[in-house]
Amino acid sequence: MNSKQVLLQKLKKQYIVETGSRDSYSELVTRFSDKKLKKSLSFIAEQEIEHMQDVTKMIDLINNYKKEVRVKKSNFNEDSVANALSSINALLLVGIIDSYLNKSMLFVKKVIEKNNVLYVSFNKMPSFIKDSFESHKVALSKIKFISCASIDSGNYISIRPEDLTQLSITLTEETQKKKGTIVIVDNVTSFSTFHPPERITKFVSVINDKARGGQFKVVWLAVSDADEKGVIERIAPICDKEIKL
908 MNSKQVLLQK LKKQYIVETG SRDSYSELVT RFSDKKLKKS LSFIAEQEIE
958 HMQDVTKMID LINNYKKEVR VKKSNFNEDS VANALSSINA LLLVGIIDSY
1008 LNKSMLFVKK VIEKNNVLYV SFNKMPSFIK DSFESHKVAL SKIKFISCAS
1058 IDSGNYISIR PEDLTQLSIT LTEETQKKKG TIVIVDNVTS FSTFHPPERI
1108 TKFVSVINDK ARGGQFKVVW LAVSDADEKG VIERIAPICD KEIKL
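Mapping to our numbering: the sequence shown position 181 is 1088, numbers consecutive.
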């Protein structure tokens, strides 16, 4: 194992630690009624999310080192993945932590060449996502953001991660404004922090059915390394196609 692999392995373990911390504080928020205490716990949980993002960014930077070599060895092709949307309505893209962010950014960059995108960020702050897009030279003018990771208002729609009903309503309303919109959900495996697998499966099924109605197309991003509750196995059969990043 070379030094790069060792570093990636350590970062991956750190990501799991940060995820566990986020989950613990998020669970504590639901156990107390005191507003000040809930606010403090929520703040700490958001800090843990930022730590996760920092680790993810470091992994992405390391993987992009000598990028031209990695591209030659990879079977991933953003053109073929984007073209898959021409014949289907619900796509599941599954990646590993090591390369998930970089490949998903390449996919989004390709998609917005011909489509408007509604990007749902479930576990990453909008500022982190926007920085990642800009570093990959992704045009932000055709992307509208929905954030479930922050309660702050800004140039994005904010929805509590516990409220999948409101998220479903908002997706319906926003996609009605621009027909042919591509909805990208990043990432569906992180839903398990707040919801049981059964609830997640039902939500995915509802959104997929709406997409098949012809109003929009939906892409579910998933991280296999973080899928401790078997979400991917449950939702793969109800998507039109599953592609490994």
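All residues carry an ideal CB built from backbone N, CA and C; glycine is no exception.
Shortest alpha-carbon distance to residue i belongs to which of the options?
i	options	result
SER987	LEU935, ILE1003, ASP1005 and LYS1010	LYS1010
PHE950	ASP1093, ARG938 and ARG929	ARG929
ALA1046	SER1097, LYS919 and LEU1013	LEU1013
LYS917	GLY927, MET965 and SER933	MET965
LEU1019	GLU1041, SER1042 and SER1048	The residue asked about is misnamed: residue 1019 is Ile in this sequence, not Leu. It is SER1048.
THR1082	ILE1114, SER1099 and PRO1103	ILE1114
ASN1024	SER940, LYS920, VAL1090 and ALA1143	In the sequence as presented, Asn is not what sits at residue 1024; that position holds Val. Nearest C-alpha to VAL1024: VAL1090.
PRO1104	VAL1126, GLU1140 and SER947	GLU1140
THR1100	SER940, LYS942, ASN984 and ALA952	ALA952
ASP1147	VAL1027, VAL1126, VAL1130 and ASP1132	VAL1126
THR1029	LYS920, VAL1111 and CYS1055	Residue 1029 is actually Phe in this sequence, not Thr. The candidate whose alpha carbon is nearest that of PHE1029 is CYS1055.
VAL1111	ILE1145, VAL1015, LYS920 and ASP941	ILE1145
GLY1121	THR1088, LEU948 and GLN921	THR1088
THR937	THR1108, LEU1152 and HIS1102	HIS1102
ALA1133	LEU935, ILE1003, SER940 and GLN912	ILE1003
LYS1037	ASN1022, ASN1062 and PHE939	ASN1062
LYS1109	GLN912, VAL1130 and THR1072	THR1072
Within its chain, find whatever has a CB closer than 7 Å to the CB of residue i; leave out the 5 residues flanking it on each side and keep chain order.
i	result
HIS958	GLU925
Evaluate residue i with the Cβ neighbour count: other Cβ atoms within 10 Å of its Cβ, from every protein chain shown; 16 or more gives buried, anything less gives exposed.
i	result
LEU944	exposed
GLN960	buried
SER931	exposed
PRO1033	buried
SER1097	buried
GLU955	buried
SER993	exposed
GLY1137	exposed
ILE1076	exposed
SER933	buried
PHE1040	buried
LYS1124	buried
ASN990	exposed
SER981	For SER981, the predicted structure reports a pLDDT of 40, less than 50, and the residue's modelled location is therefore unreliable. A value from the coordinates is still provided. Looking at its Cβ environment, which holds fewer than 16 other Cβ atoms inside 10 Å, SER981 is exposed.
LYS1035	Checking the sequence, you will find Phe at residue 1035 rather than Lys. Buried is the call here.
Who are the near neighbours of residue i in its chain, counting only those whose CB is closer than 6 Å to its CB and skipping five residues on each side?
i	result
ILE1150	VAL988 and LEU1000
LYS1084	none
LEU1074	ILE1066
ARG1106	none
VAL1027	ILE1053 and VAL1092
ILE923	none
LEU948	TYR932, LEU935 and VAL936
Measure the beta-carbon distance from residue i to residue j and round it to whole angstroms, keeping in mind my assumption that it falls under 8 Å.
i	j	result
ASP1005	LEU915	6 Å
LYS1031	ASP1093	7 Å
ILE1050	ILE1066	Not confirmed; about 17 Å, so no contact.
ARG996	ALA1118	With the sequence shown as reference, residue 996 is identified as Asn, and Arg is not the correct amino acid for it. Going by Cβ atoms, the distance from ASN996 to ALA1118 rounds to 4 Å, so yes, they are a contact pair.
Could you tell me whether any Cβ in chain C is nearer than 8 Å to the Cβ of residue i?
i	result
TYR922	This model lacks chain C altogether, as it is built from one protein chain only.
On the DSSP bridge assignment, give the partners of residue i in chain order.
i	result
THR1088	PHE1123
LEU1000	LEU1128 and ILE1150
LEU1008	Paired residue(s): none; LEU1008 is not in a bridge.
LYS1117	In DSSP, LYS1117 forms no bridge with anything.
TYR1026	PHE1052 and ILE1091
Within a Cβ cutoff of 8 Å, which residues of the same chain sit near residue i, ignoring the five residues on either side of it in sequence?
i	result
GLU985	LYS1010, LEU1013, PHE1014, LYS1016 and LYS1017
VAL1080	The sequence as given places Glu at residue 1080; Val does not occur at that position. Answer for GLU1080: no residue qualifies.
LYS919	ILE966, ILE1004, ASP1005 and ASP1132
LYS946	none
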